[in-house]
Structure formats: structure tokens, C-alpha cells
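Each remark here refers to the structure printed beneath this line.
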Amino acid sequence: MSKSEVVIEVDAIQSSIRNSLKEFGFKVRGRTFNRQTLDGLTQVINFQMGQSEPPASVFIPGLKENFYGLFTVNLGVYVPEVAEFHGGCLAKSWVQEYNCCIRDRLGPLSGLTKDIWWRTQNTPAVTEEIRTLLLTFGLNFLNRFESRACILKELEGAENNLSYCNTPRIVSSIIYTKQNETEKARNLLQKQVLETHNIRHPEYVRALAIRLGLGVI
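If you're matching positions, the sequence shown starts at 678 in my numbering and goes up one per residue.
Structure below.
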């Protein structure tokens with residue numbers, strides 16, 4: 678089956694940026710780049726294409742947008758133990774952005790707007806903009822989370838729903854458990870139970886504590 682024009686254009690944009698990312702240690706499969714850190718984490722860059730919609734679809738600006746013919750860039754940091762115990766799913770041979778517990782998009786990270794979807798046009802202007810944003814804002818973001826210690830420092834004292842992490846206390850508690858700092862892990866989960874506004878969430882957190890070997894909280 679021949680590739681669509683949209684796919685060909687994104688292939689070309691990605692190919693133009695591949696060598697720049699390779700210089701910083703990234704390898705690529707499909708639309709996703711991976712780079713390993715010294716602490717056993719995986720940093721992820723993903724090119725996401727907008728899906729096509731059925732012909733009868735109705736689009737309403739601000740409510741239901743048409744993303745076909747557009748693409749965006751996602752970034753993430755994969756922590757194996759967090760993926761195992763708290764969503765994301767353990768990655769197999771390659772880490773995808775949805776496996777990550779730290780996630781954001783290139784647009785918000787660059788400060789340009791809340792979200793950016795670029796048109797799939799392989800022009801020097803588009804390619805250079807993506808490359809520049811990735812090698813500055815994108816890599817700066819990923820480097821903030823190059824180790825578990827960095828993640829714990831970033832998440833310290835954070836409440837729920839950070840722009841790049843929905844459940845910082847849970848992520849931190851799982852990392853602390855792996856480091857045998859069980860008291861810190863328990864304290865964070867206890868705080869999560871007490872301060873959540875979701876009536877079903879405490880049950881999930883208590884079950885997680887049991888799975889982590891932290892006992893009843």
C-alpha cells in the first residue's frame with residue numbers, strides 16, 4: 678500500500694531531524710525516539726500525527742477540531758517501576774510515550790501556546806522550528822528528569838495535576854519504595870488518601886500500598 682502524502686511529509690520532517698537527535702544519543706523506531714539515562718530511565722520523543730475522521734464528522738472550533746494533516750511532538754520520561762505499578766504499562770522492546778509517567782508536549786514547553794499542531798509540510802521553516810524547539814526546550818525538559826533523584830526533587834511538595842504529571846505523590850512514592858525509603862513512600866500515599874477529591878481514589882491508593890508491600894495505610 679502506498680503512503681499518503683501526509684505520511685510522506687511527516688517522514689521527511691522526521692528524517693531531517695533524526696541526525697540532530699542522534700548526536701544527543703537518541704535512537705528511533707517508527708515515530709518514536711528513545712534515549713537511555715545512566716539511572717536506567719528512558720527519555721522519549723514522539724511525532725504524533727492527527728487522525729483522519731469519518732466523512733460525516735462535524736468539527737466545532739474549540740470543541741471538536743480536525744487534526745488530520747497536522748502533527749505534534751510529545752515528550753516523556755519512562756520510569757520502569759512506576760509503569761509496572763501505576764498505569765503506563767511496562768514497555769517491551771521499545772518505550773512509547775504513553776508508557777511514561779512524566780509527559781508533556783513541545784508546544785507548551787516552548788511557551789509558544791498551550792498546544793501546537795504543525796501542518797505536515799516539509800519546508801525548511803517547519804523543520805528548523807521543530808529542530809530548534811526540540812534541541813532547546815525539549816532537551817532541557819528531558820534533562821530535568823535524567824535520574825530518579827531529579828524526578829523526586831522536581832515533584833517534592835507537588836500536589837495533583839501538574840502539567841507534566843497527574844499524580845506526583847504516587848510517582849514519588851513508588852520510586853521511594855524501590856529505594857527502600859518506605860516511610861517516605863507511606864507518608865506520601867497517606868497524604869494522597871486524605872487530600873483527594875475523588876471518592877473512589879482512596880481505595881485505589883490503599884490497594885497500591887498493599888501491592889508495593891507498604892501495608893495498610
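Just so it is clear, CB atoms sit at the ideal spot from N, CA and C, and this is done for glycine as well. Because the structure is a prediction, the values reported are computed rather than measured.
Please classify residue i as buried or exposed, where buried requires at least 16 other C-beta atoms within 10 Å of its C-beta.
i, result
"A884", "exposed"
"I887", "exposed"
"E774", "buried"
"T854", "buried"
"V893", "exposed"
"K791", "exposed"
"H763", "buried"
"L947", "Residue 947 lies beyond the range of the chain shown here (678 to 894); nothing can be said about it."
"T719", "buried"
"R877", "exposed"
"L715", "exposed"
"T813", "exposed"
Please name the residue, chosen from the options, that lies closest to residue i on a Cα-to-Cα basis.
i, options, result
"L810", "R782, C827, G834, I828", "R782"
"K868", "E858, R877, V882, Q856", "V882"
"I851", "N875, G890, V683", "G890"
"R712", "M726, R695, Q725", "R695"
"T749", "Y755, T804, P845, N857", "T804"
"Y755", "Y745, N723, P785, G727", "N723"
"E786", "G815, C777, T797", "One detail in the question is off: residue 786 reads as Leu in this sequence, not Glu. Out of G815, C777, T797, G815 has the C-alpha closest to the C-alpha of L786."
"L727", "T719, S692, R877, T797", "Note that residue 727 is Gly in the sequence shown here, rather than Leu. Minimum Cα distance to G727 is reached at T797."
"S681", "S693, G746, G707, D716", "G746"
"L844", "C827, L866, S824", "According to the sequence as given, residue 844 is Thr; it is not Leu. It is L866 whose Cα lies nearest to the Cα of T844."
"L829", "H874, I779, R877, W794", "I779"
"S824", "N838, S840, Q856", "Q856"
"P801", "G784, A689, V683, L812", "A689"
"Y841", "G784, A826, E880", "G784"
Which whole-angstrom value is the C-beta distance of residue i and residue j, which I expect to be below 8 Å?
i, j, result
"N799", "E686", "5 Å"
"N752", "V721", "The residue you asked about is not Asn; residue 752 is Leu in the sequence shown. Between V721 and L752 the Cβ distance is about 7 Å, and since that is below 8 Å, they are a contact."
"F822", "E831", "7 Å"
Could you have a look at residue i and say whether DSSP puts it in helix, strand or coil?
i, result
"D688", "helix"
"K699", "helix"
"T719", "strand"
"T813", "helix"
"R708", "coil"
"T800", "coil"
"V756", "coil"
"V893", "coil"
- Whole alpha helix (DSSP H) elements within the segment 817 to 860, 4-residue minimum: 825 to 832, 845 to 855
- Item | 4-residue-minimum alpha helix (DSSP H) runs that sit fully inside the segment 863 to 887, ordered along the chain | none
- Task: Quick one: which unbroken alpha helix (DSSP H) runs of 4-plus residues sit fully inside the segment 760 to 788? Chain order, please.
- Result: With a minimum length of 4 residues, the continuous alpha helix (DSSP H) runs that stay inside the segment 760 to 788 are 783 to 787.
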